[in-house]
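Peer 1: Numbering of the sequence shown is given in our numbering, commencing with residue 14 and proceeding in unit increments. Beta carbons are placed, not taken as given, at the ideal position from N, Cα and C, and that holds for glycine.
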Amino acid sequence: MELKITCIPGDGIGPEIVAEAKKVLDRIAQKYGHTMNYTDILMGGASIDVHGVPLTEEAVAAAKAADAVLMGSIGGDTTKSPWYKLPPERRPEAGLLAIRKALNLFANLRPAVLYDELAAACPLKEEISKAGFDMLIMRELTGGLYFGERKTVTEDGVRKAVDTLAYNENEIRRIAVKGFEIAQKRRKKVTSVDKANVLDSSRLWRSVVEEVAAQYPDVTLEHMLVDNCAMQLVKDPAQFDVILTENMFGDILSDEASMVTGSIGMLASASLNDTKFGLYEPSHGSAPDIAGMDIANPIATVLSAAMMLRYSFDLDREADAIERAVKQVLKEGYRTGDIMSDGCRKVGCSKMGDLLAEFIS
14 MELKITCIPG
24 DGIGPEIVAE
34 AKKVLDRIAQ
44 KYGHTMNYTD
54 ILMGGASIDV
64 HGVPLTEEAV
74 AAAKAADAVL
84 MGSIGGDTTK
94 SPWYKLPPER
104 RPEAGLLAIR
114 KALNLFANLR
124 PAVLYDELAA
134 ACPLKEEISK
144 AGFDMLIMRE
154 LTGGLYFGER
164 KTVTEDGVRK
174 AVDTLAYNEN
184 EIRRIAVKGF
194 EIAQKRRKKV
204 TSVDKANVLD
214 SSRLWRSVVE
224 EVAAQYPDVT
234 LEHMLVDNCA
244 MQLVKDPAQF
254 DVILTENMFG
264 DILSDEASMV
274 TGSIGMLASA
284 SLNDTKFGLY
294 EPSHGSAPDI
304 AGMDIANPIA
314 TVLSAAMMLR
324 YSFDLDREAD
334 AIERAVKQVL
344 KEGYRTGDIM
354 SDGCRKVGCS
364 KMGDLLAEFI
374 S
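#1: So, with DSSP's three-state summary, where would you put GLU106?
#2: Kindly indicate which residue of ILE26, LYS17, LYS359 has the alpha-carbon position closest to the one of PRO301.
#3: Cβ of LEU122 within 8 angstroms of Cβ of VAL273?
#4: Can you give the Cα-Cα distance for TYR324 and SER220, rounded to whole angstroms?
#5: Could you tell me the boundaries of the alpha helix (DSSP H) in which ALA318 lies?
#6: Between the segment 81-95 and the segment 355-364, do at least 3 Cβ pairs fall closer than 8 angstroms?
#7: Can you list, in chain order, the residues of its chain whose CB lies under 7 angstroms from that of GLY157, leaving out five sequence neighbours each side?
#8: Within the same chain, show all residues whose beta-carbon is closer than 8 angstroms to that of ILE308, passing over the 5 residues directly before and after it, in chain order.
#9: Identify whether LYS9 lies in helix, strand or coil by the three-state DSSP scheme.
#10: In the DSSP output, which residue or residues are listed as bridge partners for ILE256?
#11: What residue range is occupied by the uninterrupted alpha helix (DSSP H) comprising MET244?
#12: Within 10 Å of its beta-carbon, does VAL206 have 16 or more other beta-carbons around it, so buried, or fewer, so exposed?
#13: If you reduce the DSSP assignment to three classes, tell me which class ARG219 lands in.
#14: By Cβ distance below 6 angstroms, which residues in the same chain neighbour VAL239 in space, the five residues on each side in sequence not counted?
#15: Mind checking LYS35: buried by the 16 CB within 10 Å criterion, or exposed?
#16: Whose CA, out of VAL247, LEU246, TYR159, ARG187, lies closest to the CA of TRP218?
#17: If you compare alpha carbons, which of VAL175, VAL37, ALA189 is closest to GLU162?
#18: Between ALA296 and SER282, how many whole angstroms is the CB-CB distance? I'm expecting something under 8 angstroms.
#19: Taking only three categories from DSSP, how would you classify LYS98?
#20: Please state if the CB of ILE312 and the CB of MET279 are separated by a distance shorter than 8 angstroms.
#21: Is the CB-CB distance between THR60 and THR69 below 8 angstroms?
#22: Here's a check: name, in chain order, each residue in its chain whose Cβ is nearer than 6 angstroms to the Cβ of THR420, leaving out the five neighbours to either side.
#23: Tell me the DSSP secondary structure of ARG187 in three-state form.
#24: From LEU55 to LEU322, what distance separates their C-alpha atoms?
#25: By the 10 Å Cβ neighbour count, where 16 or more other Cβ atoms means buried, how is LEU110 classified, buried or exposed?
#26: Considering Cα atoms alone, identify which of LEU368, GLY291, GLY346 is closest to ALA78.
#27: Taking the alpha-carbon positions, what's the LYS114 to PRO101 distance?
#28: May I have the straight-line CA-CA distance separating LYS289 from PHE326, to the nearest angstrom?
#29: Look at the Cβ atom of PHE253, then the Cβ atom of MET320, and state whether they are nearer than 8 angstroms.
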């Protein structure tokens, strides 16, 4: 199979971690008989330095021509970089917002996995962390409160701000379909999170999700209020498989879930549109302070590449092989500096990529 992948190395540690993800993907191609066809484009600060803008039309066209996009990281030091003296619409992160819009990426996937070997880094009590957890938060990315009408006015001498939370049934249905489809690839359970006891938008959300659930009889659906979900994430995270929720709730819950894993350097993410196309990137930032030092942790990017194989190419066997390699590397005691602990062997970014490729089976 030929896989056409547009790569955005980006800024900071981005080029280093994308290079290691490519190394692992090339090993997958060799092992399983695929061809990786990469096209690199500039975005963020790297694009500003060359083109004066964070994203060009040519770069968008290259992304659209691919089957999927693999991205490193975008941005720099906001206190030192000249990029942040530019107007907001010309700063690095504006490129990320623009490409999400151009590619219609409405579904954000954030896995939160606690590996046995990293359980000591989990901030939860041992009786909770020892059970482990492997969840995926499916967040609607282009609607809701963040994209609704807003205004600030003065009425009778008093300032008032209004933000509008709006969803239509089509926006809800398409994210729900993605959630149930992905649950079928996992443990076949969806927890739909809302605030249906208060909000009309949540009552519509719940109604449409139930309509979609009827089309997936092999997937179990449960509803949970968002405040209860926030509590359950720290009380019993092992209960969750796929958490399906709207934009603002997903923003908050995914950050909470990432913290209970104890290591943001291990967290992948994906943003999908209504086809198999997706943009895959680590959840962490560009870490400009360690760029070029060969000490970054590439595992989140490598796991993002595994998500790409699974969700954009339906190559579950190959994705499983990458995830097994990550577990084996950790089991063997290899660590980058951010996840280092006593008794382990510290390796750099490039060496970690070598090891992950070596453990592909």
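Peer 2: In terms of the structure at hand:
#1: Position 93 of the sequence shown, counted from the first residue, corresponds to residue 106. In the structure shown, GLU106 sits in a helix (DSSP, three-state: H, G or I).
#2: Residue 301 sits at position 288 when you count from the first residue of the sequence shown. It is ILE26 whose Cα lies nearest to the Cα of PRO301.
#3: Taking the first residue of the sequence shown as position 1, residue 122 is located at position 109. Taking the first residue of the sequence shown as position 1, residue 273 is located at position 260. Against a cut-off of 8 angstroms, the Cβ pair of VAL273 and LEU122 comes out as no contact.
#4: Taking the sequence shown and counting its residues from 1, the one referred to as residue 324 is at position 311. Taking the sequence shown and counting its residues from 1, the one referred to as residue 220 is at position 207. Roughly 26 angstroms between the two C-alpha positions.
#5: By 1-based counting over the sequence shown, the position of residue 318 is 305. First-last of the alpha helix (DSSP H) with ALA318: 312-324.
#6: no
#7: By one-based count along the sequence shown, residue 157 stands at place 144. Once the five neighbours on either side are set aside, the close Cβ partners of GLY157 are LEU178, TYR180, GLU259, ASN260, MET261.
#8: If you number the sequence shown from 1, residue 308 lands on position 295. For ILE308, where only same-chain residues beyond five positions count, the Cβ hits under 8 angstroms are THR349, GLY350, GLY361, CYS362.
#9: For residue 9 there is no data in the structure shown, the boundaries of the chain being 14 and 374.
#10: Position 243 of the sequence shown, counted from the first residue, corresponds to residue 256. Answer by DSSP bridge pairing, in chain order: ILE150, THR204.
#11: Taking the sequence shown and counting its residues from 1, the one referred to as residue 244 is at position 231. Counting along the chain, the alpha helix (DSSP H) containing MET244 begins and ends at 239-248.
#12: Against the sequence shown, residue 206 aligns to sequence position 193. Per the 10 Å Cβ criterion, buried.
#13: As a working note, residue 219 is residue 206 in the sequence shown. In the structure shown, ARG219 falls within a helical segment according to DSSP collapsed to helix, strand and coil.
#14: As a first step, residue 239 must be located in the sequence shown, where it is residue number 226. Closer than 6 angstroms at the Cβ level, and outside the excluded window around VAL239, lie VAL206, LYS208, PHE262.
#15: Here residue 35 refers to the residue found at position 22 of the sequence shown. So LYS35 counts as buried.
#16: Position 205 of the sequence shown, counted from the first residue, corresponds to residue 218. Of the candidates VAL247, LEU246, TYR159, ARG187, the one whose C-alpha sits nearest the C-alpha of TRP218 is ARG187.
#17: One-based indexing of the sequence shown puts residue 162 at position 149. When only C-alpha atoms are compared, the closest one is VAL175.
#18: Taking the first residue of the sequence shown as 1, we reach residue 296 at position 283. Taking the first residue of the sequence shown as 1, we reach residue 282 at position 269. This sequence places Ser at residue 296; Ala is not what is there. About 5 angstroms separates the two Cβ atoms, so the contact holds.
#19: Residue mapping note: residue 98 aligns to position 85 of the sequence shown, counting from 1. Three-state DSSP puts LYS98 in a helix.
#20: Sequence index remark: in the sequence shown, residue 279 carries index 266 (1-based). Sequence index remark: in the sequence shown, residue 312 carries index 299 (1-based). Yes, the Cβ-Cβ distance between MET279 and ILE312 is below 8 angstroms.
#21: In the sequence shown, the residue the question calls residue 60 occupies position 47. In the sequence shown, the residue the question calls residue 69 occupies position 56. Residue 60 is actually Ser in this sequence, not Thr. Going by C-beta atoms, SER60 is nearer than 8 angstroms to THR69.
#22: The structure shown does not extend to residue 420, since the chain is modelled only from 14 through 374, so no value can be given for it.
#23: Here the question's residue 187 lines up with position 174 in the sequence shown. The three-state reading of DSSP puts ARG187 in helix, counting H, G and I together.
#24: Here residue 55 is taken as the residue at index 42 of the sequence shown, counted from 1. Here residue 322 is taken as the residue at index 309 of the sequence shown, counted from 1. Each residue's alpha carbon lies about 23 angstroms from the other.
#25: For the purposes of this step, residue 110 is identified with residue 97 of the sequence shown, where counting begins at 1. So LEU110 counts as exposed.
#26: By one-based count along the sequence shown, residue 78 stands at place 65. Residue GLY291 is the option with its Cα nearest to ALA78.
#27: Counting from one through the sequence shown, the residue named residue 114 turns up at place 101. Counting from one through the sequence shown, the residue named residue 101 turns up at place 88. When rounded, the distance between both Cα atoms is 17 angstroms.
#28: Here the question's residue 289 lines up with position 276 in the sequence shown. Here the question's residue 326 lines up with position 313 in the sequence shown. If I take the Cα positions, the gap works out to 7 angstroms.
#29: Your numbering for residue 253 matches position 240 in the sequence shown. Your numbering for residue 320 matches position 307 in the sequence shown. No, Cβ-Cβ distance for PHE253 and MET320 is not below 8 angstroms.
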